[in-house]
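Protein chains in written order, with my numbering: chain A, 66 to 360; chain B, 92 to 372; chain C, 557 to 851.
Now the structure itself:
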């Protein structure tokens with residue numbers, strides 16, 4: 066049993082060590098990943114910090130006393146059995162919790178000194194710009210491919226057709242979609258395949274230049290090939306963005322995670338570097354989870 | 092033991108009969124209107140004004156009513172959309188889904204929907220007297236607007252309720268405010284808006300009791316908002332009560348025109364709903 | 557930039573709240589307006605006199621609403637008696653028996669029935685129903701009838717409320733969970749037994765609400781009924797008597813009433829009666845239907 070687990074994690078270690086080797090299918094590998102700096106940037110390198118976060122819906126506590134520091138320019142994977150509060154935790158990072166009925170939140174989520182939980186109005190929408198979201202199922206806005214990416218610019222008051230064209234091309238390159246869609250930018254975004262839609266959604270969040278990208282099981286609705294493309298994109302993007310993803314598949318976490326957070330019943334059981342959590346878990350629960358005693 | 096099978100058989104026959112009754116009514120009404128109207132209608136009727144009053148005049152047509160109805164329908168639909176789109180947006184995006192206020196508001200629109208147009212007409216007429224207004228195109232437009240707002244809101248709300256939360260979150264997570272999500276919602280529920288509009292146009296063009304006291308009646312085409320205007324249903328109603336057969340014929344022809352308009356609108360609504368409900372996310 | 561966006565959002569939000577509330581207030585405004593206008597008649601006549609007296613001679617200061625109330629009730633009752641079995645059976649057929657091919661043809665037909673303006677129903681009534689009654693049906697029972705009768709009004713009104721009833725019933729029946737039907741069928745019940753014992757029993761409050769809603773629609777119907785029911789202010793004693801429902805009374809006399817102040821107020825009282833009854837019926841049935849939907 067333990068032997069099998071060791072072999073398994075050995076095999077995965079291999080791929081964690083060399084994430085860049087396989088050329089990404091469809092992605093423009095010659096292109097340099099650089100955000101184009103339309104927005105004023107805080108040069109802060111401070112981690113996303115969660116302090117004493119408690120969240121309950123009605124009488125039911127969902128998150129209990131969560132304390133975390135999520136590092137910059139790394140891929141952080143939040144793992145845990147289903148219903149443990151992973152997605153809810155992710156939702157608090159950009160305050161999508163607002164739409165949940167009867168939700169009560171205490172504590173704080175700090176991004177460079179600003180508290181996501183207590184910000185309102187203009188501060189909140191600025192924070193949401195700085196924390197992007199790639200949804201579980203791709204959901205292109207009901208407009209053309211071009212407008213989907215330009216949408217963020219438009220709402221944030223960046224105008225001019227020329228500017229928009231630049232931004233659209235740049236970010237479609239970044240997600241490796243440009244060659245596939247450059248002749249049909251005016252087609253409705255729903256005409257793309259599911260995998261392409263998900264990359265479009267990623268490009269759409271990148272176009273407002275976030276610092277963090279939240280991904281809630283962003284590959285679970287995709288076929289294996291598209292899933293691999295998106296995964297590789299995340300690995301490349303971590304040079305400029307910090308990525309937080311919730312994932313159900315341990316294998317995926319093992320492949321790409323730099324930092325791992327294990328949650329169980331609303332509590333953070335263990336958090337640390339991927340190598341340490343996966344290969345030398347400190348907690349009994351984590352060990353059981355990793356070896357598949359429960360899932 | 093056998094009885095339940097006999098019962099089943101009998102009920103099937105009864106169901107077939109009642110379905111035939113319903114379909115028979117549809118076919119019967121449309122056949123009657125077409126049969127009677129077809130023998131009376133002529134191009135002259137559709138394209139000219141009544142000659143010398145509808146009680147004595149034997150010549151002319153009912154162009155006044157067609158144009159009057161169009162004026163009222165177009166203006167009131169426009170005004171109605173102007174009011175109801177913000178309401179639907181507010182109910183679905185700004186308010187939480189279990190909000191008490193939204194519940195009461197929806198209830199109120201349902202109740203308003205059920206209020207007979209004659210009551211709207213009577214209420215609007217007293218209001219107009221109080222304000223010192225005469226029967227006019229403007230009065231007709233306003234009361235028709237009031238009449239169709241609940242229809243617009245109710246049927247758009249039905250569609251907007253199913254607005255995917257993912258889309259909202261996608262928009263919010265880019266840093267959009269709720270107001271800026273309006274464009275996204277309008278695009279998403281566009282087919283719903285189209286069917287709601289057609290539904291309300293159908294209701295607006297067919298309503299007689301509401302405009303009876305407010306728009307009045309006139310033999311000419313109104314040139315300003317303060318002049319009275321004729322409408323198709325009222326023109327049918329008045330001409331049918333005239334003693335001369337020629338005038339009554341005009342009523343049947345007008346009924347045919349009105350029926351065709353309503354049929355086209357209703358079938359178009361079905362078509363839109365059918366066509367667009369497929370490729371929604 | 558962001559401040560002004562938030563400002564816009566606030567202003568727009570309040571504006572929309574205002575519009576939404578205004579529509580709410582319309583109900584209140586209508587009841588107040590109608591009451592104020594009908595108040596003068598209460599100074600000379602008591603409510604009971606108005607409702608129970610049979611003499612309608614406005615120029616002699618006699619305002620008896622009894623014939624009109626009875627006329628309305630007769631016409632509505634006939635319409636409901638005719639429409640209820642037909643609509644129930646049709647709805648059962650559509651939800652429990654029919655396949656989607658048949659539904660595709662029946663729904664547009666119901667749509668047309670619902671969309672036809674009431675004046676068209678009136679024309680149809682005068683062209684078909686009225687002659688049918690006077691030439692064919694009435695001779696079996698009475699010596700002479702012009703055809704403009706309670707029965708004609710009832711038949712026309714029955715067709716008008718049919719589509720409303722069918723669509724409400726279909727909606728209500730489809731809220732019954734399929735599992736319940738399956739459970740009943742699995743015990744060996746026939747299709748109809750299942751419908752009777754499970755579907756009907758479970759949707760009884762909904763059926764009641766639909767009937768109340770249809771009645772309130774029937775009460776307010778004006779032009780179609782006005783065109784076929786004779787309009788004589790008398791209490792009808794048989795199906796072949798003419799009658800004079802309340803909406804017809806308002807519609808026919810509104811133009812000339814301005815000469816007599818009390819006459820106007822009497823008609824306003826008629827409108828107020830209609831308003832209150834319809835309002836209460838609507839509230840009642842909507843509350844039931846809402847409960848049903850959220851169950």
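The beta-carbon is built from N, C-alpha and C at its ideal position, and this holds for glycine as well.
Quantities reported herein were computed from a predicted structural model and do not represent experimental measurements.
Annotation: Cβ neighbours of residue 123/B in chain C (cutoff 9 Å, chain order): 679, 680, 683 and 684.
Identification of chain C residues near residue 177/B by a Cβ-Cβ cut-off of 9 Å yields 568, 571, 572, 575 and 576, ordered along the chain.
According to the DSSP secondary-structure assignment, residue 215/A is paired through a beta bridge with no residue. In terms of Cα proximity to residue 265/A, the closest of 221/A, 211/A, 310/A and 225/A is 211/A. Shown in chain order are the members of the segment 314-339 of chain B whose Cβ falls below 9 Å from a Cβ of chain C: 323, 324, 325, 327, 328, 331 and 332. Here DSSP, grouped into helix, strand and coil, assigns residue 303/A to coil. Taking the beta carbon of residue 197/A as reference, the chain B residues within 7 Å of it are 264, listed in sequence order. Shortest Cα-Cα distance from residue 136/A to any of 110/A, 231/A, 148/A and 152/A involves 110/A.
Partner residues in the beta bridge of residue 326/A, as assigned by DSSP, are 143/A and 336/A.
With a cutoff of 8 Å on beta-carbon distance, residue 247/B and residue 199/B are scored as not near each other. Within chain B, the C-beta atoms nearer than 8 Å to that of residue 273/A come from 265 and 266, in chain order. Per DSSP, residue 605/C lies in no beta strand (DSSP E); the unbroken alpha helix (DSSP H) holding it starts and ends at 603-608.
By alpha-carbon distance to residue 236/A, the top candidate from 267/A, 224/A and 261/A is 267/A.
Counting C-beta pairs with one atom in each stretch, the segment 719-733 of chain C and the segment 638-651 of chain C have three or more that are closer than 8 Å, which means they touch.
For the pair of segments examined, the segment 317-324 of chain B was found not to touch the segment 561-579 of chain C: the number of CB pairs separated by less than 8 Å stays below three.
Close CB contacts of residue 704/C within its chain, under the 7 Å cut and outside five residues either way in sequence, are with 686, 784, 785, 786 and 798 (chain order).
Residues of chain C whose Cβ lies closer than 7 Å to the Cβ of residue 304/B are, in chain order, 810. In the assembly as shown, residue 314/B is an exposed residue. Its beta-carbon has fewer than 16 other beta-carbons within 10 Å.
Closest by C-alpha distance to residue 827/C, out of 215/B, 231/B and 109/B, is 215/B.
Between residue 341/A and the set 356/A, 325/A and 332/A, the nearest pair of CA atoms involves 325/A. By a beta-carbon distance limit of 8 Å, residue 259/A does not contact residue 296/A. Their separation comes to about 15 Å. Of 115/A, 161/A, 344/A and 179/A, the smallest CA-CA separation from residue 198/A is found for 161/A. The residues 706, 792 and 799, in chain order, have a CB closer than 7 Å to that of residue 630/C in the same chain once the five nearest residues on each side in sequence are set aside. About 6 Å separates the beta carbons of residue 282/A and residue 312/A, which is inside the 8 Å limit, making them a contact pair. Neighbours of residue 596/C in chain B, taken as residues whose beta carbon is under 9 Å from its own, are absent, since the nearest beta carbon is some 13 Å off. A distance below 8 Å separates the beta carbons of residue 278/B and residue 207/A. If you check the CB distance, residue 339/B and residue 345/B do not come in under 8 Å. By the C-beta criterion, the segment 164-172 of chain B is judged to be in contact with the segment 293-311 of chain B, since at least 3 inter-stretch pairs fall below 8 Å.
Within a 10 Å sphere around the beta-carbon of residue 713/C sit 16 or more other beta-carbons, which makes this residue buried. Here residue 628/C is not near residue 789/C, since their CB atoms are 8 Å or more apart. Within chain C, the residues placing a beta-carbon under 9 Å from that of residue 191/A are 558, ordered along the chain. Contact between residue 262/B and residue 275/B holds, with the beta-carbon distance rounding to 5 Å and staying under 8 Å. Within its own chain, no residue has a Cβ closer than 6 Å to the Cβ of residue 715/C once the five positions on either side in sequence are excluded.
With a 10 Å radius around the Cβ and a threshold of 16 neighbouring Cβ atoms, residue 604/C comes out exposed. Between the segment 828-838 of chain C and the segment 586-594 of chain C there are three or more inter-stretch CB-CB distances shorter than 8 Å, so the stretches are counted as touching. Boundaries of the beta strand (DSSP E) harbouring residue 116/A: 113-122, taken from the DSSP string.
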